[in-house]
Amino acid sequence: MEKLTKKQIVDAIAEDSNATKKEITAIVDSTLSQISNALSEGKEVDLTGFGKFSISERQARQGINPLTKEKIEIAASKSVKFKVAKALKEAVNK
Numbered sequence: 007m008e009k010l011t012k013k014q015i016v017d018a019i020a021e022d023s024n025a026t027k028k029e030i031t032a033i034v035d036s037t038l039s040q041i042s043n044a045l046s047e048g049k050e051v052d053l054t055g056f057g058k059f060s061i062s063e064r065q066a067r068q069g070i071n072p073l074t075k076e077k078i079e080i081a082a083s084k085s086v087k088f089k090v091a092k093a094l095k096e097a098v099n100k
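Letter by letter, the sequence shown follows residues 7 to 100 of the working numbering.
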């Protein structure tokens, strides 16, 4: 599977618009920063037609070290969840 990098996204947007790569890079960086900041504040980020980012909290739990078989405590943590929007799901499954 091929991957699309931030640089390739910036190049494509710059090609489609009259903006420079430097301007587009600033916009993309700002967008990603806004998403990151909102999530770190516990907010949901809903991008209509694309999907929804939210925070999932994992409880502290006991696990087993696979090398030593000793029981260990795994600390509580937060994780980012993404729920794909119906429009994006349909576009991908064409």
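Using N, Cα and C, we set each Cβ at its ideal position, and we do this for glycine too.
Between which residues of its own chain and A93 is the CB-CB distance below 7 Å, once the five residues before and five after are set aside? Position 87 of the sequence shown, counting from 1, holds the residue named residue 93. Once the five neighbours on either side are set aside, the close Cβ partners of A93 are G55.
Measuring CA to CA, which of P72, E50, E96 is closest to S60? Taking the first residue of the sequence shown as 1, we reach residue 60 at position 54. S60 has its Cα closest to that of E50, out of P72, E50, E96.
Can you give me the Cβ contacts of L45 inside the same chain, cut-off strictly under 7 Å, excluding the 5 residues immediately before and after it? Taking the sequence shown and counting its residues from 1, one reaches residue 45 at position 39. Closer than 7 Å at Cβ, skipping near neighbours: V51, F59, I61, V86.
Pair within 8 Å by beta-carbon distance, G57 and V90: Position 51 of the sequence shown, counted from the start, is the residue given in the question as residue 57. Position 84 of the sequence shown, counted from the start, is the residue given in the question as residue 90. The answer is yes: Cβ separation under 8 Å.
Host beta strand (DSSP E) of L53 (start-end): Here the question's residue 53 lines up with position 47 in the sequence shown. 51-53 is the extent of the beta strand (DSSP E) around L53.
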